[in-house]
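Chains as they are written, first to last, in UniProt numbering: chain A, 1 to 468; chain B, 1 to 468. Okay, so here's the structure we're looking at.
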């Protein structure tokens, strides 16, 4: 990077908010997905005005810009693939307001998701989106990727809780979308267009989030099944009997065994599947619904049902589910975490397809995730240094995407496309569908400055995990 | 219209699905807003393939195309302002599927909203969006305008229930957005971009709608206030005490008097405001919440509270609210129905601003609407033949928009922009904000064929109700 650009960035921000040494830049070259890409410079703005000035500079000099939050992306969103400027938003982390009268929170993008959740709860309110990384990820990253989580089933995902944004455009102009009201039909709805656009259309500098009253009670049930197909039928049975659980999670046999090897939780290692069902709402409704869910599970050959008798037991039941991710990385160092999503009625079929993929490509495939909304997490555990294994992983990943789309689903439910799924976009969207997205990118960012190499496949790009 | 174009439309569809006589065209020249604009030809497609062929023809010949559903728009969306082809979607009205396992309905756009609601209820499910015109409007129109309704408070608006679309692009290509899963982050979220775009970006030919379990119980409370400000405080009090009502509606004194003059319902004509609160959910929760809401109203000097003791009484309480619209049109023949929306905490202030506007411009202004989400309906009753009065109405309308924006709100909560609010877009969005929307329109429809003269103001356009 030319010294005068560095100097200009320092003038816009501050000497200690511009990092240009190799070791500092290396710290911002990776995320929780694959590959490392060195930015030429890292800058930490503290206001929308600074972000706007940085964008104007980048626009004038045609320098690529990649925005970044906590760096927890599983799809490559924050990777500075084309080098240039990495804009790290973590110092814009203020909770500007929790407005109880209007049930909204106004936040800067760098706030940690769990911090917002806690502050909303302290005000008797509830911010439902709950990505697993909530204790370390930022709201800005959640917005850029339209993050989901277990609560998606009942409460929807990040985009359902955003009613307004302040955004810096690729040309460095500050615009506002939406506003302080849930109802707003003044022109095109740019808010959900920017949410999930992975920082390719603008940089979010402020968000107005919708909060809801905190549910009065909740409880959890664990059901153990000898047959995965039965667990799938039980899930469907619960949902078609008027119950909308807050969460409904599944772990397959490989997940159960990985957890019990890592930190024994007393789960039966011979079970084919375990499902966890949490309901929330009025205490009487919670009690009735948890009993009804248990009765429905009985109809589908459940081996064992545990209903939490208190909050400690409820937390205990969720412990195993939370341990799946750390547990499986003990097996091998490289984790490819997918989030292919299918209509929930297709979950048993998707499990069958995943079993076939595991056998055909001889990969270590573990399946768990958000069964209630069809958002599974097939994780492949491998060793990136083993090229032969990675070739099989590459093929298996392609087959997972193909299976999801053939079953009426989608490449990605909540992780985003980034670099990790771009080559498969046309398979789901068709040439014209993808072109209509590209037209928006070109209309907003004709020089392709903002987060290039994301979402849209590069010419000839076919691989996602193999680099050689 | 050239005879060979008519002939080509007949070949694409059928002789009896192409109307070109003056009287037939006149029937499709207006909606529920202002002005009449004759289309050159009216065509009734029965499939996406036909819509695509019509668009390819229009694209080749650069003929304006205006899609239309039930024609109930209050903002001018279906008006064929530039003539050309009116595409009426009412024959594509099939309910293709209610999928109880996946909690979705797949519909063609011409289905009447109430028909879908009834069929969902028959399957034990619930489609919450409830525009007042639901017995005559179409889902396609609801999608195009992102329709709202009283349920917006608890359940959100149309866009929150659409997970996938089939759309014919301005170039006559058929694309699909989203899909059968609630979670989907595969590229830009085109679904909510098309929803509310008023037929300017594409023609919706199929929609995948999300349904939810039907609430087990519901009840309604009516509270009568001597002071509008107190009613506003009661509304805020209910919402900040952990209750999220299904609906929360308000009628001002002018609305109450109009209804009692039209069809007496036993409401006190000297009351300053009446609010209706409906809660739904588990029967025990409903009972508790309705009592708690009553207690909260007591704190704010309520004159009288009625709680429905059965379904008949519940319907009786809602009767007056439903009569407001027909009642006020008895006063004078022309109704200008606005939907300026403010943060709900600003409702008392908005009422005060509306009172000032009524006095200053000496207009017959009636206010009712969805108080819980800040979506008020200031309606001006006038006579379009009285030019002097319409000049005052024109100014009053501008002042209503200005008040809403100054209080942090928006021009339109649920009716859309169409022709009726286009001149005010820049006031809310700023030059750059509006330009970012225009860039999308230009990228998708460079020849401006699809529904021209909507959303974006024409050069020099300043008036919305005055035509001379």
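Virtual Cβ for every residue (Gly too), placed ideally from N, Cα, C. On a predicted model such as this, the values are computed, not experimentally measured, just so you know.
{"Asked": "Interface partners of residue 146/B on chain A, CB under 8 Å", "Found": "185, 189"}
{"Asked": "Cβ-Cβ distance between residue 465/A and residue 366/A below 8 Å", "Found": "no"}
{"Asked": "Delimiting residues of the alpha helix (DSSP H) encompassing residue 316/A", "Found": "311-328"}
{"Asked": "Selection from 29/A, 62/A, 185/A that minimises the alpha carbon distance to residue 421/B", "Found": "185/A"}
{"Asked": "Distance, residue 302/B Cα to residue 286/B Cα", "Found": "21 Å"}
{"Asked": "Three-state class that DSSP yields for residue 8/A in the structure shown", "Found": "helix"}
{"Asked": "Where residue 473/B falls: helix, strand or coil (DSSP)", "Found": "The requested residue 473/B is not part of the displayed model; chain B covers only 1 to 468."}
{"Asked": "Any chain B beta carbon closer than 8 Å to residue 425/A", "Found": "yes"}
{"Asked": "Within chain B, partners of residue 429/A - CB distance below 9 Å", "Found": "175, 176, 177, 186, 187"}
{"Asked": "Test: residue 100/B CB closer than 8 Å to a CB of chain A", "Found": "yes"}
{"Asked": "Unbroken alpha helix (DSSP H) run spanning residue 472/B, endpoints", "Found": "In the structure as shown, chain B starts at 1 and stops at 468, and residue 472/B therefore has no counterpart that could be examined."}
{"Asked": "Proximal residues of chain B, C-beta to C-beta of residue 453/A below 7 Å", "Found": "Result: empty, since nearest Cβ-Cβ is about 14 Å, beyond 7 Å."}
{"Asked": "Limits of the beta strand (DSSP E) - the one that residue 369/B falls within", "Found": "364-370"}
{"Asked": "Residue 134/B Cβ short of 7 Å to the ligand NAD heavy atom set", "Found": "Within the structure as shown, the ligand NAD is missing, as the structure has no ligands at all."}
{"Asked": "With 16 other Cβ atoms within 10 Å as the buried cut-off, status of residue 26/B", "Found": "exposed"}
{"Asked": "Spatial neighbours of residue 51/A in its chain, beta-carbon cut-off 6 Å, leaving aside the 5 residues before and after", "Found": "45, 168, 203, 205"}
{"Asked": "Under 8 Å by beta carbon: chain B residues contacting residue 443/A", "Found": "439, 440, 442, 443"}
{"Asked": "Cβ-based burial, residue 230/B [other Cβ within 10 Å; buried from 16]", "Found": "buried"}
{"Asked": "Residue 469/B and residue 290/B closer than 8 Å at C-beta", "Found": "Here chain B comprises residues numbered 1 to 468, so residue 469/B is not present and cannot be evaluated."}
{"Asked": "Host alpha helix (DSSP H) of residue 237/B (start-end)", "Found": "228-239"}
{"Asked": "Rounded separation between residue 10/B and residue 253/B - CA only", "Found": "54 Å"}
{"Asked": "Beta-bridge partners of residue 278/B, as assigned by DSSP", "Found": "220/B, 247/B"}
{"Asked": "Contact check, residue 307/A vs residue 219/A, beta carbons under 8 Å", "Found": "yes"}
{"Asked": "Cβ-Cβ distance between residue 444/A and residue 439/B below 8 Å", "Found": "yes"}
{"Asked": "Near-chain B residues of the stretch 330-350 of chain A - C-beta to any C-beta below 9 Å", "Found": "339, 341, 342, 343, 344, 345, 346"}
{"Asked": "Outcome for residue 21/B when other beta-carbon atoms lying within 10 angstroms are tallied against a minimum of 16", "Found": "exposed"}
{"Asked": "Classification of residue 108/B by the beta-carbon crowding that lies within 10 angstroms, buried from 16 upward", "Found": "buried"}
{"Asked": "Alpha carbon of residue 476/A to alpha carbon of residue 93/B, nearest angstrom", "Found": "Nothing about residue 476/A can be read from this structure; chain A reaches only from 1 to 468."}
{"Asked": "As assigned by DSSP and simplified to three states, the class of residue 271/A", "Found": "coil"}
{"Asked": "Where the alpha helix (DSSP H) containing residue 142/A begins and where it ends", "Found": "139-145"}
{"Asked": "Contact belief for residue 244/B with residue 154/B at Cβ below 8 Å, rounded distance in angstroms", "Found": "5 Å"}
{"Asked": "Length of the line joining the Cα atoms of residue 356/A and residue 349/A", "Found": "11 Å"}
{"Asked": "Outcome for residue 344/A when other beta-carbon atoms lying within 10 angstroms are tallied against a minimum of 16", "Found": "buried"}
{"Asked": "Interface flag, residue 462/A vs chain B, CB-CB below 8 Å", "Found": "no"}
{"Asked": "Interface flag, residue 43/A vs chain B, CB-CB below 8 Å", "Found": "no"}
{"Asked": "DSSP-derived helix/strand/coil call for residue 183/A", "Found": "coil"}
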